[in-house]
Each structure stands twice: as C-alpha cells, then as structure tokens.
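So the protein sequences, as listed, match chains A and B. Per full-length UniProt numbering, residue 1 is the first one in the first sequence, and the count goes up by one each step. Per full-length UniProt numbering, residue 1 is the first one in the second sequence, and the count goes up by one each step. Shown next, in structure tokens, is the structure this report addresses.
Number of protein chains: 2
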Amino acid sequence: MKYDAIIIGAGYAGVTAALNLKRAGKRILLLEARNRVGGRIETKYFDDGSYVDLGGQWIGPTQDRIYALAKEFGVETFKSYDQGKSTLLFNNRLKAYNGIIPPLPIYSLLSLDAAIKKMNKLSKSVNLQQPWLTPNAQQLDSITLYSWMQQQMSSKTARDFFQVASEAIFAANPAEISLLHALFYVKSGKDLDSLMNIKNGAQEERFVGGAQELVNRMVKELQDELRLNSPVRHIDQDENGVDVIGEGFKYSAKKVIIAIPPALASRIEYNKPLPPNRDQLMQRVFMGSVVKCYAIYKTPFWRERGLNGLCASNKGLITVTFDNSPKDGSKGMLMGFALANQAKSFLELNPLEREKAAIDCFAAFLGPEARNYDLYIDQAWANEEWTRGCYAGIMPPGAWTSVGKTLRTPCGNIHWAGTETSDIWNGYIDGAVRSGERAVSELLTIS
Amino acid sequence: MKYDAIIIGAGYAGVTAALNLKRAGKRILLLEARNRVGGRIETKYFDDGSYVDLGGQWIGPTQDRIYALAKEFGVETFKSYDQGKSTLLFNNRLKAYNGIIPPLPIYSLLSLDAAIKKMNKLSKSVNLQQPWLTPNAQQLDSITLYSWMQQQMSSKTARDFFQVASEAIFAANPAEISLLHALFYVKSGKDLDSLMNIKNGAQEERFVGGAQELVNRMVKELQDELRLNSPVRHIDQDENGVDVIGEGFKYSAKKVIIAIPPALASRIEYNKPLPPNRDQLMQRVFMGSVVKCYAIYKTPFWRERGLNGLCASNKGLITVTFDNSPKDGSKGMLMGFALANQAKSFLELNPLEREKAAIDCFAAFLGPEARNYDLYIDQAWANEEWTRGCYAGIMPPGAWTSVGKTLRTPCGNIHWAGTETSDIWNGYIDGAVRSGERAVSELLTIS
Chain A
1 MKYDAIIIGA GYAGVTAALN LKRAGKRILL LEARNRVGGR IETKYFDDGS YVDLGGQWIG
61 PTQDRIYALA KEFGVETFKS YDQGKSTLLF NNRLKAYNGI IPPLPIYSLL SLDAAIKKMN
121 KLSKSVNLQQ PWLTPNAQQL DSITLYSWMQ QQMSSKTARD FFQVASEAIF AANPAEISLL
181 HALFYVKSGK DLDSLMNIKN GAQEERFVGG AQELVNRMVK ELQDELRLNS PVRHIDQDEN
241 GVDVIGEGFK YSAKKVIIAI PPALASRIEY NKPLPPNRDQ LMQRVFMGSV VKCYAIYKTP
301 FWRERGLNGL CASNKGLITV TFDNSPKDGS KGMLMGFALA NQAKSFLELN PLEREKAAID
361 CFAAFLGPEA RNYDLYIDQA WANEEWTRGC YAGIMPPGAW TSVGKTLRTP CGNIHWAGTE
421 TSDIWNGYID GAVRSGERAV SELLTIS
Chain B
1 MKYDAIIIGA GYAGVTAALN LKRAGKRILL LEARNRVGGR IETKYFDDGS YVDLGGQWIG
61 PTQDRIYALA KEFGVETFKS YDQGKSTLLF NNRLKAYNGI IPPLPIYSLL SLDAAIKKMN
121 KLSKSVNLQQ PWLTPNAQQL DSITLYSWMQ QQMSSKTARD FFQVASEAIF AANPAEISLL
181 HALFYVKSGK DLDSLMNIKN GAQEERFVGG AQELVNRMVK ELQDELRLNS PVRHIDQDEN
241 GVDVIGEGFK YSAKKVIIAI PPALASRIEY NKPLPPNRDQ LMQRVFMGSV VKCYAIYKTP
301 FWRERGLNGL CASNKGLITV TFDNSPKDGS KGMLMGFALA NQAKSFLELN PLEREKAAID
361 CFAAFLGPEA RNYDLYIDQA WANEEWTRGC YAGIMPPGAW TSVGKTLRTP CGNIHWAGTE
421 TSDIWNGYID GAVRSGERAV SELLTIS
C-alpha cells in the first residue's frame, strides 16, 4: 500500500493540506501524535456546554483563508468583547481609559507613537517571500528587537509598553528576536496596529464553539485518513518515495508533508540526514513561551463597572488580560497571558503557586472581586510534548540571512508546512491554513 | 543487568566521565552513535603514517585538565608552527607582517585595540558559574555581539578584523551571538588574546599523532564498557533509574550522563518529557558552523619564504588559515576555515566547487604555488549526523538569562556533560574533559 502523500501533524496546516489533497483525488494519510486534532489550537469543553480556548483563538480582518474555511464549514464567529474602558497598571499606578491610546505621560506617548510608526514604515521594505533579500537585510538581521527599541525610544515607559505589546505579539522577549524577523512578522500581519488591536485587528473575533470546532468539522471528511496517537519517529527516503515510521507502524508514500514546527521537525530521525543548512535552521528557530491562564466567574463582573477586561501591566507574571467570556456573557471568563521570561518564571511554580500568582495579578487589575472565581485553569504550551512552546517558531538574529532560505525548500520528497512557513499571517491560524494550501500546490504542481 | 551509570557520547567529555566512574569502581556503559570515539575530535590517518585533524586539534596554557590526561597517557604535544611573518589580505591588499599586530591603518588599529581591551575588561565581570547573575546580565544578554562591535568601533576595517577573529573563535556570526555569551566565553578561556593567539594562546600546541590519539588511548581501559554504533533514541526514567534504548538494545542503569551537545540531546525522546525550560534551552543553543579545509603539499613552501602560514582575510569563503604541517615539517599542510555564513555558502557548493573555492583562497594568500597540492580534503561539521555543527553550542541573545540555569541542572537521573556545560574553556577540548569530571563528581556525591 503506497500513499500519494502522508501528512505529519493534524493542526490547521496539516488538516488543510490533507483535505485539499484528498479532494484532489489523492490517496493520503494524516498522522497526528496527540489523541486529538488541532495542534496549538485546543478547546476544552466543560460538562455544562461551556468551553475555553487553551491555545490559539482569534481571527481578524485579512485572515481570508481561515474565514473561507469557517464559512465553508458553517462555523460562526463573533466579536471579541471590547465595550468600555481598558485598564493599565503601569509603574504601580492603575488607570482606566477609553480607546486604544494608553494613559501614559505625554512624552512617553509621543516616543511610543513614533516608534510604532517607524516600525510600520520599516516593515514595508521587507521581502515577505524571501526576507533575506530585504534591502539592508544583513544589518536588520544582526540586531535584536530590544536593541532597536533602545535606539528608538528614549522614554523607559514607552519602551516598557512596547515590550509588553511585543511580548503579547510574539510570546518572546524582544532580546530574543531578530529585528528583521520582527519586521517580517509585522508586515506578514499587515502592521503593528493590526497585530495589537481587537477592533480591526488580529483579536477582532472568536469562534462560536471554540477555535477547535472548525478543525473538528474538517476532519470529519478525513475519517479514513486520520491516525491519532501516531507520533512519527523516523523518515526514510529515496528517489522513489518515503517510509514514515513510528511505534507499531510503517507507511509508504510518494511524498510527505511535515506540518509541525521546525524545532519538532528536528526531532524526527531522517535516514538520509537533512542538508546541513536545513539542520542548522531547525537548531535556531526556537518556540516562544506562553502560559494561558483562566479564571472563571459567575458573571463578567468587570463589564458592570464599565471595563472591557483588557488589562496591561509592566509588572507581575501576567502582563496582559482579555475578556474571554462566552458570546452570550452567561459567565465571566478572564484570560491572562504569562509571556516570554514571565512564562519561564511561571513554569517554575507548582500548580497552587501558579493559581495564586495568576489570581493576584487579576485582582491587581480588577480589584478584590477577581478573587471570587469558581475555577482556575491554565495551559503551559512549553510543557506540551508535541508543541514545546507557543505561539510559534521565531527567528533569532542571523538566522533569516544565513539559513532562512531552507525554511520552505523541499528536501527530496519532504515538503514543509506549518504557520512558521507562511509569508502571510505567519504565526497565526490563518498562516497555518495558507501553509497547508501552499504545500499542496507544490505537490500537485510536481506530480 | 543494571549499571551504575550509562554515559551517552564517547567524545572527550563522555570518555573522561566513563573512565573516572570505572576507576571509582562503578559498573558503567559508554554508548557512542558513531563507529569511532572522539566526537568533534577526529584524526584521519593516511597510509604513509601522516594524518590530519579534521576537528578540534589545539591545546594551550591553562588547559590543565587535558594536559594532565595527555601526560598520564603519554601523548606528546608540540608547538604549533609560528615562525616568520603572518599574512593579511584585507580590503584587497596583501601584506606580510611580524608579530601579532596586523598592518592596518593606525586609526583602525587604535579602534581595534580599544575594543579588545574593553571586551577583556567587560568579561571580567561575568559570573562563570551562573552567567545570569552577572551584573547587568539582562542587558548584556539582550544585544548581539554585532551590536556591541558597532557601538565600540567606528572604523569599519577594525570591525571587519574583529569579525574575522570572532568567527574564528566562535564559528558563528557575531549577529548570532549574545554579548553576554561572548563575554562568558572570553572569560572562560581567560581573555581574547588567549583565544586568538598561537603563542601563549589556545592554539599554542598540537598533539603528536593527532588529537584523537589521546582519546583512543583512554578507551583502551574501556574495552568492556564501550559500545560503538549505538545511537540512543529513547530514555525512560522513573525514581529507580533509567532505561536507555536504541535500535536493538535496551540497557538499565541508576544514572545516565548525556555527554552530547544540547541541540542533539533534544533529539532523544524522553518518556518523561524534560522540564519545559530545559526543552526551551535545547531549542535555543545552536551549533556553530565550520568547514575545515586542507591542502597537502610536498613541503611547507611558505616557510621558505619566511611565512608562518597564518593568513586572515575579510573576503572569500576561507578567512583564516594555519600551518598544520606535521611536527617534523616533512610535508606541507595548509588548513583553512570556512566559518559561520561562509561555511553555509561553502556547503551549498559541490565537492569540486568546494575544492576550487578553497584553493583559490589559499592561492590568494600564498601565491600560485598553493595550486600545486597533492591532496585536498575537507570536513563539514554541520553535515555530520552525530554533531550537526562545530565548534560548539552557542547561546543566542536572551537564552542565558531566561533558561540558562537549566544547562547543567540534572533532570531526575539524567546528568549533563559536554563542553557546552563547562565554565572553564567552554567550547574547547579542555572544557569537555572538565565537564566529564564535574558530572562524575555529581554522581559520586549523590550515590
């Protein structure tokens, strides 16, 4: 039995690829290490019918490919709650404010605004398909986003705010990120405003039924092709095709699409070792780190006080929160991110300490009512064996311009998908879908 | 059959650990993926009794632990050839010069000298055992070595020279390296002068019989314990001990010492996944990239012209060469490094193109006589399945201060060795030896 293609990883990238290949009449197999589909998108369903998104959850304007899928499969979306004032806890002062301009000292605001505009402008020069061909690529790739922030903003408060926003966007410390990668990422999602905002931004909408609902529906068409609990350990290839091997299975195919992050792809053993520069790439593209923390309340009590649940702080382990209540507001669900270095500190705590740390942050933002929660739950993505970090793989300085060109280049019969390989909405669900479509077009073009 | 300890990787770190544990009366097993010992140290022996070191080869002052082993096992060392003038091909001009001060314009020299002194001074503040506790660690870890060079040296020629030297020291582009890591590395090997120089430096001596000779002698005491061709795929552990599993074998032990680089340790599967911050570390510590290229001549013809074979250039794929002739000078062996981005470009060439590219560089340095070679040979370490880069694992910005503390921390019954874990001569053979000794002292202390 020889398949036309085997797809490894049943996240949005892999499922999209599998579905499109099947619909093109190809005999395929979709292998997933976990006992569920969705990858970095995971919805936890409670007995009472409510649910929380433990992973990726948002969808917004220009994310056309994921919107198209949602429409096709009849999954509805709804607006993220953003009525009322946001909350800022900066330099130990708590302030509520309307709109998207934070109540910082005027000098800090001007400094911040100039930096945002400068970054948006700089990002326009990036070559999305081949970032290493961006004008001045070598130099942009030689410094960290942190260094650029230091150069651009003389106000420490402005830098702090920029850092909180950056960490919420990348789930990584600006010190870790190549400036070229940051610019690439920003342009890939249109601009910084688009990445940061709810309204007209990447956080504008959520999925009714949770972000896993759509991929669950997609795989209904793949009942015969999907194998859960099937981690791939080994890939053998020669000019005729590939053997894909795991514990208790060995499947043959003409082609394979690896739809998992580079950091995990490096952990598969290849009988014909991948080219050295491809291997060096996989050694460099590290996963961000984020813990998603939820407190669930009888009601979204902050709404009654005219707050939208959107809080930001330059102190504490949780630096950003969102109102993640259900569409009908029948419960209050406050979601907070522990990001980058804060995620790493958070992960050194035991479960009780984590709960206390998260609730302390929520109470600092929204007052003592935040302590009257019914349930606390968190998900640490760096602790997930089959993801090992979120939101996505990130390029450290020097990677794009030295080995970046290996990111999407097929290795013999091995093709690459996953949101890390997308030039549009890289790191987002939409990017994952696009990467699956692109990998399929590679296969259909050559076969 | 349950061993006291299993050591994974028979490079200098693993062999040192195995030997010391055996001598302490422990029942041990030493597993090696390759069909030889030595790891990143590999000597190729020719039929006529001559040899070349394809990997690590030098030994110098204060590398006391490797010197002690050499003495114990009766391996002699000899001075690297450094008589006569060095050669500089900078900004397309070829110059020969005496001593260690390159013939650059005086302004560039002053700029370069100030930077070297500044780096030596800065490095003194590093906490070698816990680099994340270095004063100002967060900031030092947030910028690249490249950024620091830009700040310190206004002369482009000075920066170019510094870059050539840095790449020869790290086998990585300054853009990729955390400044904190660079400072750590410099102090770990005493100072920049010590790392750069032949006389009184890390390149002062070589091993008679090649750098693999010593480890070959060491493993003679480990005939019953060494298993070659035994790549480890899987490690299961519980509170009682570990199972170490590969194709066709499964061994049990109380403890395991993993003496391979972090980037490769991540590719072993752990039944009890390693802690998230440890995993994130392994995603970040990338291997440098270097190709070691040899041209072998009837005689070291450059010596007759008063040259020492030490050349440096800011142009071309090979930027540094050394006289690697045998102790008695009976042949001429010129060795050149393709480093960092140049190594990556070099690796995209086919074998004939590589040979031509290397010889072209040699001829540019030493004239047309360099084209009359008897043999060309190169070794690309990023292409070695069981190393995947050289000289060593390197910390990108942000790694030391976020997850660096997991580098040496045992994970249950798993202990870590390898030159990457050494605080003295990190990245060198001496560091490997020290790491093996340190891991053994951990095991003997707790058991």
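We put the beta carbon where it would ideally sit given N, CA and C, even for glycine. Bear in mind the structure is a predicted one, so any value in this text is a computation, not a measurement.
Using the beta-carbon of each residue, which ones in chain B are nearer than 9 angstroms to residue i?
i: Y391 of chain A; result: Within 9 angstroms Cβ-Cβ: nothing; Y391 of chain A doesn't reach chain B, min ~14 angstroms.
i: R40 of chain A; result: Within chain B, no residue comes near R40 of chain A; the closest Cβ sits about 15 angstroms away, beyond 9 angstroms.
Please classify residue i as buried or exposed, where buried requires at least 16 neighbouring CB atoms within 10 angstroms.
i: T445 of chain A; result: exposed
i: N324 of chain B; result: buried
i: D53 of chain A; result: buried
i: M218 of chain A; result: buried
i: G309 of chain A; result: buried
i: N98 of chain A; result: exposed
i: E304 of chain A; result: exposed
i: T409 of chain B; result: exposed
i: A172 of chain A; result: buried
i: Y12 of chain A; result: buried
i: D64 of chain B; result: exposed
i: residue 449 of chain A; result: No answer is possible for residue 449 of chain A: it lies beyond the span of chain A, which begins at 1 and ends at 447.
Is there at least one Cβ from chain C nearer than 8 angstroms to residue i's Cβ?
i: M287 of chain A; result: No chain C is present in this structure, whose protein chains are A and B.
Are any of the Cβ atoms in chain B nearer than 8 angstroms to that of residue i?
i: P131 of chain A; result: no
i: V186 of chain A; result: no
i: S266 of chain A; result: yes
i: L407 of chain A; result: no
i: P351 of chain A; result: no
i: L183 of chain A; result: no
i: P410 of chain A; result: no
i: E221 of chain A; result: no
i: L347 of chain A; result: yes
Assuming contact is defined by CB atoms lying nearer than 8 angstroms, are residue i and residue j in contact in what I supplied?
i: F90 of chain B; j: S313 of chain B; result: yes
i: V164 of chain A; j: T319 of chain A; result: yes
i: S142 of chain A; j: T144 of chain B; result: yes
i: A5 of chain B; j: I28 of chain B; result: yes
i: Q280 of chain B; j: M287 of chain A; result: yes
i: L112 of chain A; j: L122 of chain A; result: no
i: G427 of chain B; j: Y391 of chain B; result: yes
i: W58 of chain B; j: S86 of chain B; result: no
i: N229 of chain A; j: V37 of chain A; result: no
i: A182 of chain B; j: S194 of chain B; result: no
i: A259 of chain A; j: G436 of chain A; result: yes
i: Q283 of chain B; j: I414 of chain B; result: no
i: G56 of chain B; j: A263 of chain B; result: no
i: W425 of chain B; j: S50 of chain B; result: no
By the criterion of Cβ-Cβ separation under 9 angstroms, what are the contact partners of residue i in chain A?
i: Y146 of chain B; result: Q139, S142, I143, P397 and G398
i: E176 of chain B; result: S142, R284, P396, P397, G398, A399 and S402
Find the residues of chain A that neighbour residue i, judging by a C-beta separation of less than 8 angstroms, and give them in chain order.
i: V403 of chain B; result: K344
i: L31 of chain B; result: Within 8 angstroms Cβ-Cβ: nothing; L31 of chain B doesn't reach chain A, min ~16 angstroms.
i: A382 of chain B; result: P276, N277, D279 and Q280
For residue i, write down the residues that DSSP places opposite it in a beta bridge.
i: S178 of chain A; result: A:T144
i: C411 of chain B; result: B:I414
i: M335 of chain A; result: A:Y294 and A:F322
i: M287 of chain B; result: B:G393
i: Q237 of chain B; result: B:V242
i: R93 of chain B; result: B:F90
i: E221 of chain B; result: Note: E221 of chain B sits in no beta bridge, so no partner.
Of all the CB atoms in chain A, is at least one closer than 8 angstroms to the CB of residue i?
i: A312 of chain B; result: no
i: Q283 of chain B; result: yes
i: A158 of chain B; result: no
i: R388 of chain B; result: yes
i: L339 of chain B; result: no
Listing by chain order, which chain A residues have their CB less than 7 angstroms from the CB of residue i?
i: N173 of chain B; result: G398 and S402
i: A263 of chain B; result: Q283
i: E385 of chain B; result: P273
Since residue i meets chain B, which of its residues come closer than 8 angstroms, beta carbon to beta carbon?
i: P135 of chain A; result: Correct list: empty, because the minimum Cβ distance to chain B is about 17 angstroms.
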